[in-house]
Amino acid sequence: MNDATPLEQRAVSRSAEITRAALIKAATAVFAEHGYEGGSVRLITQRALANQAAVNYHFGGKEGLYREVLLVATKTLEQNSFLSPEEVDARSPEEALRLYLHQFLLPLVKRDRVCSYLRIFAWESVRPSEPFNAFVATSPLRIFRLAERVVRRFLPDDAPAETVTFTTLWLAQQPMFFVREAERLARPPFSLKFDDASLERLVDTLTSLSLRGLANI
Numbered sequence: 001m002n003d004a005t006p007l008e009q010r011a012v013s014r015s016a017e018i019t020r021a022a023l024i025k026a027a028t029a030v031f032a033e034h035g036y037e038g039g040s041v042r043l044i045t046q047r048a049l050a051n052q053a054a055v056n057y058h059f060g061g062k063e064g065l066y067r068e069v070l071l072v073a074t075k076t077l078e079q080n081s082f083l084s085p086e087e088v089d090a091r092s093p094e095e096a097l098r099l100y101l102h103q104f105l106l107p108l109v110k111r112d113r114v115c116s117y118l119r120i121f122a123w124e125s126v127r128p129s130e131p132f133n134a135f136v137a138t139s140p141l142r143i144f145r146l147a148e149r150v151v152r153r154f155l156p157d158d159a160p161a162e163t164v165t166f167t168t169l170w171l172a173q174q175p176m177f178f179v180r181e182a183e184r185l186a187r188p189p190f191s192l193k194f195d196d197a198s199l200e201r202l203v204d205t206l207t208s209l210s211l212r213g214l215a216n217i
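The opening residue of the sequence shown carries number 1 in the UniProt record's numbering; numbering runs sequentially from there.
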């Protein structure tokens, strides 16, 4: 029998909501830094000032927590944080390509929540985790749909579906490497320093290289 007063019940409920939100926030940061496999529950709970029991209670474990992070990430990118299909179609093919690359490379100089989501997707581009595969099977990511929209601007209308898929995956990989490996690239022997100016130079370089590749398809 629950003898708690309504006020006490609301306090408990509010505390649970705060813990759940803290776990999602901490998990987003940890998975962005280390990927799904490298992001430990211990590190997540340390950052969230929670315990593993809370992860199991709210999400059923690490996999459930990751699915929740992916869901929040997808909704956020869909709603307000990435270029729209209309923006892609309104620009020349070259401008659309550059805008796509620029948007995806922003995590190199920004550390906001959206950039954390993009870094998570960049990790998944190397060795997709089972939770990620299950998620995208039912919820295709907007960043890949936009990559396809960009490449279709360069391909003939009757391009085979396989060619479109190959080209889309190739384009999506161009910025992902830099986003995923930013910390390693900042150390010797590369010693790259990413700021607004170097970001623009990188975008210019990748745009130029991608245009050459797309022109030869």
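Beta carbons: idealized from backbone N, C-alpha and C, even for Gly.
The structure displayed is predicted, hence computed values, not measured ones.
Per-residue burial, Q174 [other beta carbons within 10 Å of its own, 16 or more giving buried]: buried
6 Å CB neighbourhood of G35 in its chain, flanking five on each side removed: W123
Separation of G64 from A159, as counted between CA atoms: 39 Å
Option nearest I24 by Cα separation, candidates K110, R153 and A50: A50
R127 versus S84, R180 and I143, residue with shortest Cα-Cα distance: R180
R152 versus L206: straight-line alpha-carbon distance, rounded: 18 Å
CB of D196 within 7 Å of CB of V114, strictly: no
Span of the alpha helix (DSSP H) around L99: P93 to L105
Beta-carbon separation (whole angstroms), A22 vs A48, contact threshold 8 Å: 4 Å
Cβ pair L77, R142 closer than 7 Å: yes
As assigned by DSSP and simplified to three states, the class of V41: helix
Anticipated Cβ contact below 8 Å, L155 with T163, distance rounded: 7 Å
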